[in-house]
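Peer 1:
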Amino acid sequence: MAIPIPPVNTPAKPARKGQDAKSTRRFALLLLSPTFLVLALVVGYPVLAGIRQSLYAQAEGLDADGFVIEGERFVGLENYTALFTGERGSAFWNAFFNTTFFTATAVVLETIIGVILALIMHQALRGRGLVRASILVPWAVPTAMSGLLWRWIFQPDGVANAILNQEILWTADGWQSKLAVIIAEVWKTSPFIGLLALAGLQMIPQDVYEAAKVDGASPWQQFRRITLPLIKPALAVAVLFRMLDTLRMFDLPFVLIGGNKDSVETLSMLAWDEANNLRYGVATAYATILFLYIALLAYAFIKIAGADVIGEARARKASVKKGAAA
Amino acid sequence: MRRIPMAGVFASLALVLAACGGGSESGDGDKKSAALEGRGEITFVTGKDTSGNLQKQIDDWNSKHPDEPVRIIELSDKADEQRQQMIQNAQVKSDAYTVLNLDVVWTAEFAANRWVVELPEDQLPISDLLAPTVDTGRYLGKLYAVPVDSDAGLLYYRKDLLAEAGIDKAPTTWSELFAACDAVKAKVSSAKNIDCYAGQFDKYEGLTVNASEAINAAGGSVVDEQGKPTVNTPEAKAGLDVLVNAFKDGHISKKAITYTEELGRADFNGGKLLFHRQWPYQYASASDKEESKVAGKFDVAPLPGSNGPGVSTLGGHNFAISAFAKNKATALDFLNYMTSTEVQKANAIVIGKAPSVAALYNDPEVVAKFPYMPSLKTAIENAKGRPKVVKYGDVTTAIQEAAYAALNGSKTTDAALAELQTKLETLTQ
Numbered sequence: 015m016a017i018p019i020p021p022v023n024t025p026a027k028p029a030r031k032g033q034d035a036k037s038t039r040r041f042a043l044l045l046l047s048p049t050f051l052v053l054a055l056v057v058g059y060p061v062l063a064g065i066r067q068s069l070y071a072q073a074e075g076l077d078a079d080g081f082v083i084e085g086e087r088f089v090g091l092e093n094y095t096a097l098f099t100g101e102r103g104s105a106f107w108n109a110f111f112n113t114t115f116f117t118a119t120a121v122v123l124e125t126i127i128g129v130i131l132a133l134i135m136h137q138a139l140r141g142r143g144l145v146r147a148s149i150l151v152p153w154a155v156p157t158a159m160s161g162l163l164w165r166w167i168f169q170p171d172g173v174a175n176a177i178l179n180q181e182i183l184w185t186a187d188g189w190q191s192k193l194a195v196i197i198a199e200v201w202k203t204s205p206f207i208g209l210l211a212l213a214g215l216q217m218i219p220q221d222v223y224e225a226a227k228v229d230g231a232s233p234w235q236q237f238r239r240i241t242l243p244l245i246k247p248a249l250a251v252a253v254l255f256r257m258l259d260t261l262r263m264f265d266l267p268f269v270l271i272g273g274n275k276d277s278v279e280t281l282s283m284l285a286w287d288e289a290n291n292l293r294y295g296v297a298t299a300y301a302t303i304l305f306l307y308i309a310l311l312a313y314a315f316i317k318i319a320g321a322d323v324i325g326e327a328r329a330r331k332a333s334v335k336k337g338a339a340a
Numbered sequence: 004m005r006r007i008p009m010a011g012v013f014a015s016l017a018l019v020l021a022a023c024g025g026g027s028e029s030g031d032g033d034k035k036s037a038a039l040e041g042r043g044e045i046t047f048v049t050g051k052d053t054s055g056n057l058q059k060q061i062d063d064w065n066s067k068h069p070d071e072p073v074r075i076i077e078l079s080d081k082a083d084e085q086r087q088q089m090i091q092n093a094q095v096k097s098d099a100y101t102v103l104n105l106d107v108v109w110t111a112e113f114a115a116n117r118w119v120v121e122l123p124e125d126q127l128p129i130s131d132l133l134a135p136t137v138d139t140g141r142y143l144g145k146l147y148a149v150p151v152d153s154d155a156g157l158l159y160y161r162k163d164l165l166a167e168a169g170i171d172k173a174p175t176t177w178s179e180l181f182a183a184c185d186a187v188k189a190k191v192s193s194a195k196n197i198d199c200y201a202g203q204f205d206k207y208e209g210l211t212v213n214a215s216e217a218i219n220a221a222g223g224s225v226v227d228e229q230g231k232p233t234v235n236t237p238e239a240k241a242g243l244d245v246l247v248n249a250f251k252d253g254h255i256s257k258k259a260i261t262y263t264e265e266l267g268r269a270d271f272n273g274g275k276l277l278f279h280r281q282w283p284y285q286y287a288s289a290s291d292k293e294e295s296k297v298a299g300k301f302d303v304a305p306l307p308g309s310n311g312p313g314v315s316t317l318g319g320h321n322f323a324i325s326a327f328a329k330n331k332a333t334a335l336d337f338l339n340y341m342t343s344t345e346v347q348k349a350n351a352i353v354i355g356k357a358p359s360v361a362a363l364y365n366d367p368e369v370v371a372k373f374p375y376m377p378s379l380k381t382a383i384e385n386a387k388g389r390p391k392v393v394k395y396g397d398v399t400t401a402i403q404e405a406a407y408a409a410l411n412g413s414k415t416t417d418a419a420l421a422e423l424q425t426k427l428e429t430l431t432q
């Protein structure tokens, strides 16, 4: 994105080097400005409008004739402080726990299964194309559809109970509905991690493994010492994307289990519920909190897991600069 | 490499917020004049028309009124989304929507927010319509919407099994119903393991319907005529306890806590259920020999109550006129057209919608096609609407919360209803 554009028709003269660099940068900015404008419109404005909305509250109550008192008023941070206490507080913390729990368990399971899938896709010799295509099928199914499919599977007399020979009420409020959501989520999104991990696997040159074999490394050692470190950059991106996606999970629990069920209610569902009842201020407060939470986790994740990626890029950039300056 | 994750983070975050960015404009609070004036083109805003009959009706109107054409605006097929789109249109005071097709439970919200205008009762065929359906269009005594179709719950029962057990008529009370089920299980060997009764008990709008029916059938109510909550009474407790106890003693199967209309329908049509509380739409599929094992073996009756026939909860749709629309006089004519006996009769015969015109329930042509119509009329005449409250969304969630907790045993009926009463009091202030 930030590749310096060489100025056209102006042969670089050593004397005007500083000025050239400046005008080059200005020219680059000019070229990029439409992008910034679009970003400001489609990303910046909604974010700011949402945050502004969260500082307002709809007037509540009815007048003597039974009509709604209209108007919005500025309430400052009241929408936020009300989130953490009282009845709304218990709904919030419950949803916060569910969101975190789903993200932690689902992403860990997805990563493990995804890597296994990638190894299978990478190794499969016969019917390679077929194996890859079939593993990717769940990822291609729209989430709401997969929610419906799993709802049928988890019906009282559905496939899941028939296989287990039990009568578990999967879609009723309770721990079992959490499990149902995680199973459906992992089924659907493991292929995504598998796909990105496969891309990472294909970048590893075969001779590294041959060298390892010559040195007498066991398959496990090869996996631990060669495969994992080399696919880590690709895997980190995949896990980050899944994390962001799972944190704002809405459609799967909503379709599979249903709204207003404490055991699967996520922060997005709470925000939707409030917006549906026309309390846009509270809804955007929930969304803003979720926004900050996601930003925090993403930042922490990039710092911890993606440190190498950023470090390399920085080092490269620094060396480019140095080269340019020399 | 460095930019990809950051861009992804940003895009995802933006999605989170953008999803909730729908703000609202504060209104000026002007009262609209009561007279409905202006003629010309209008729009008719409704959920997705799956029958295919609507366009034909509109075409008929348009050929008779070339200067006042009606254009259909089809919204989503999901009620939630229809409501949201109509509210958004009202909040920006757009004149794009003229006649709104409202679910019966939205009347209070739309009326109290002044999103729809009061209708002149003397210029509409109110006296031809079933009184309880008209009542769903009123808010604090004034008419804001006219019913065009109705819906009420019926008790579907297996007349073949009851006859085998020596019972010749449908039960009218809960105790008769459970006794009939015990008799069938004891005497009919093929029905030893049949489930007695099911309704809609999953935590959604269906549970509000079923719980209020149980409460109303015992002489209780969720809110009174003035909209004040009255759910913490011995009658209401007795009503809800019928369902709670049936879950405990197995007259309602444990799995029914996950039931929506469709799951119950599958059970009843599959011959696994003796009594089923269901809307009229099940009649066609249960009579279909291809799809149903009980074709010809079932019948319908009014819902059971505690000491006599029960009280159904009303469904259906009402038409209202948007406060921000032009050509309201045309809109009023259009309401008259859509509520007329001829249009409703065609609708009833072609797509089986329960009409709001009372006379049609005894119309030979309609009854020939839908034999349940007389039972449905009784059910609608005895039916009650759901609470008429402005914050219906919050109220129905609270009712579901309380009923669900009582049915699955996580709270006692007493505790659940006491909490519900407190919650409803705050919500209806």
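Going line by line, the protein sequences match chains V and W.
The first sequence begins at 15 in my numbering and counts up one residue at a time.
The second sequence begins at 4 in my numbering and counts up one residue at a time.
Where a beta carbon is used, it is the ideal one built from N, C-alpha and C, also for glycine.
Within the region 313-354 of chain W, note down every full beta strand (DSSP E) run reaching 3 residues or more, in order along the chain.
Peer 2: Runs found: 318-324.
Peer 1: Out of W/G41, W/V353, W/V314, state which residue places its alpha-carbon closest to the alpha-carbon of W/Q60.
Peer 2: Of the candidates W/G41, W/V353, W/V314, the one whose C-alpha sits nearest the C-alpha of W/Q60 is W/V353.
Peer 1: Can you give, in chain order, each stretch of the beta strand (DSSP E) that sits fully within the region 51-128 of chain V and has at least 3 residues?
Peer 2: Listed in chain order, they are 70-72, 86-88.
Peer 1: Given this structure, state the Cα-to-Cα distance separating V/Y59 from V/Y70, to the nearest angstrom.
Peer 2: Looking at the two C-alpha atoms, the distance is approximately 17 Å.
Peer 1: Considering only DSSP beta bridges, list what W/R280 is partnered with.
Peer 2: Looking at the DSSP assignment, W/R280 forms a beta bridge with W/L158.
Peer 1: Identify the contact partners of V/L76 in chain W, using a Cβ-Cβ distance below 7 Å as the criterion.
Peer 2: In chain order: A115, V393.
Peer 1: Hey, does W/I197 have any beta-carbon neighbour from chain V nearer than 8 Å?
Peer 2: Not an interface residue.
Peer 1: Rounded to whole angstroms, what is the Cα-Cα separation between W/M341 and W/A99?
Peer 2: The alpha-carbon atoms of W/M341 and W/A99 are separated by roughly 20 Å.
Peer 1: Does the distance from the C-beta atom of W/I402 to that of W/A214 stay below 8 Å?
Peer 2: Yes.
Peer 1: Could you name the residues of chain W that V/A3 contacts, counting a contact when the two beta carbons are closer than 9 Å?
Peer 2: Outside the displayed range of chain V (15 to 340) lies residue 3 of chain V, so it cannot be described from this structure.
Peer 1: With the cut-off set at 8 Å, would you say W/F322 and W/R161 are in Cβ contact?
Peer 2: For W/F322 and W/R161, no; Cβs fall outside 8 Å.
Peer 1: Which stretch, first to last residue, makes up the alpha helix (DSSP H) that contains W/D80?
Peer 2: It is not in any alpha helix (DSSP H) - W/D80 carries neither H nor E in the DSSP assignment.
Peer 1: Give the residues from the region 258-283 of chain W that approach chain V closer than 7 Å (Cβ to any Cβ), ordered along the chain.
Peer 2: Listed by position, the residues of the region 258-283 of chain W near chain V (Cβ gap below 7 Å) are K258, I260, T261, L266.
Peer 1: Figure out for me which residue from W/A406, W/K331, W/N411, W/A269 has the closest Cα to the Cα of W/Q424.
Peer 2: Of the listed residues, the one whose Cα sits closest to W/Q424 is W/A406.
Peer 1: Assign V/A186 to one of two classes, buried (16 or more other C-beta atoms within 10 Å of its C-beta) or exposed (fewer than that).
Peer 2: Flag for V/A186 reads buried.
Peer 1: Touch check for the region 136-150 of chain W and the region 162-175 of chain W: three-plus C-beta pairs under 8 Å?
Peer 2: No, the region 136-150 of chain W does not touch the region 162-175 of chain W.
Peer 1: Please confirm if W/Y100 has its CB atom under 8 Å from at least one CB of chain V.
Peer 2: Not one chain V Cβ lies under 8 Å of W/Y100.
Peer 1: Three or more C-beta pairs under 8 Å: does that hold for the region 261-273 of chain W against the region 196-208 of chain W?
Peer 2: Yes, the region 261-273 of chain W is in contact with the region 196-208 of chain W.
Peer 1: Closer than 8 Å by beta-carbon distance: list the chain B residues that pair up with V/T185, in chain order.
Peer 2: In the structure shown, chain B cannot be found, because the protein chains are V and W.
Peer 1: Mind listing the chain W neighbours of V/P267? Cutoff is C-beta to C-beta under 7 Å, in chain order.
Peer 2: By Cβ distance, chain W contributes nothing, its closest Cβ being about 13 Å from V/P267, past 7 Å.
Peer 1: Give a yes or no on whether 8 Å exceeds the smallest Cβ distance from W/D83 to chain V.
Peer 2: Yes, W/D83 counts as interfacial toward chain V.
Peer 1: Run the CB neighbour count on W/D33, radius 10 Å, all protein chains shown included, and call it buried at 16 or more, exposed below.
Peer 2: Interpretation of W/D33 is limited by its pLDDT of 41, a score under 50 that renders its predicted location unreliable; no figure is taken from the coordinates.
Peer 1: Quick one: grab the DSSP three-state call for W/L423.
Peer 2: Looking at W/L423 - three-state DSSP - the assignment turns out to be helix.
Peer 1: Should W/K433 go down as buried or exposed, given a rule of 16 or more other Cβ atoms within 10 Å for buried?
Peer 2: This structure does not reach residue 433 of chain W, given that chain W is present from 4 up to 432, and the question cannot be answered.
Peer 1: When DSSP labels each residue in this structure, what does W/E428 get in the three-state scheme?
Peer 2: If DSSP states are grouped into helix, strand and coil, W/E428 belongs with the helices.
Peer 1: Buried or exposed: W/G24, going by 16 or more other Cβ atoms within 10 Å of its Cβ?
Peer 2: Its pLDDT being 41, under 50, W/G24 is placed unreliably in this model, and the coordinates cannot settle the point.
Peer 1: Exposed or buried, what is V/Y313 when buried is set at 16 or more other beta-carbons lying within 10 Å of its beta-carbon?
Peer 2: It is exposed - the Cβ of V/Y313 has fewer than 16 other Cβ atoms within 10 Å.
Peer 1: With a Cβ-Cβ cutoff of 8 Å, do W/V107 and W/G299 count as a contact?
Peer 2: Taking 8 Å as the Cβ cut-off, W/V107 and W/G299 do not qualify as a contacting pair.
Peer 1: Could you give the uninterrupted runs of the alpha helix (DSSP H) lying entirely in the region 141-210 of chain V, keeping only those of 4 residues or more?
Peer 2: The qualifying runs are 142-154, 157-167, 173-178.
Peer 1: What's the call for W/D205, buried or exposed, on a 16-neighbour Cβ count within 10 Å?
Peer 2: So W/D205 counts as buried.
Peer 1: Would you grab the beta carbon distance between W/A362 and W/L379 for me? Rounded to a whole angstrom, and I think it's under 8 Å.
Peer 2: Their Cβ separation, rounded to whole angstroms, is 14 Å, which puts W/A362 and W/L379 out of contact at 8 Å.
Peer 1: Taking CB distances under 8 Å as the criterion, tell me whether W/G202 reaches chain V.
Peer 2: So, not an interface residue.
Peer 1: Can you name the residues of chain V whose CB is closer than 8 Å to the CB of W/S170?
Peer 2: Before going on, a small fix: residue 170 of chain W reads as Ile here, not Ser. Correct list: empty, because the minimum Cβ distance to chain V is about 28 Å.
Peer 1: Which same chain residues, not among the five before or five after W/N339, have their C-beta less than 8 Å away from its C-beta?
Peer 2: Q126, L127, P128, listed in sequence order.
Peer 1: Report the neighbours of W/I90 on chain V: residues whose CB is nearer than 9 Å to its CB, in chain order.
Peer 2: The contacting residues are L292.
Peer 1: Would you say V/V200 and V/L266 are within 8 Å of each other, going by their C-beta atoms?
Peer 2: Cβ distance not < 8 Å, so V/V200 and V/L266 don't count as in contact.
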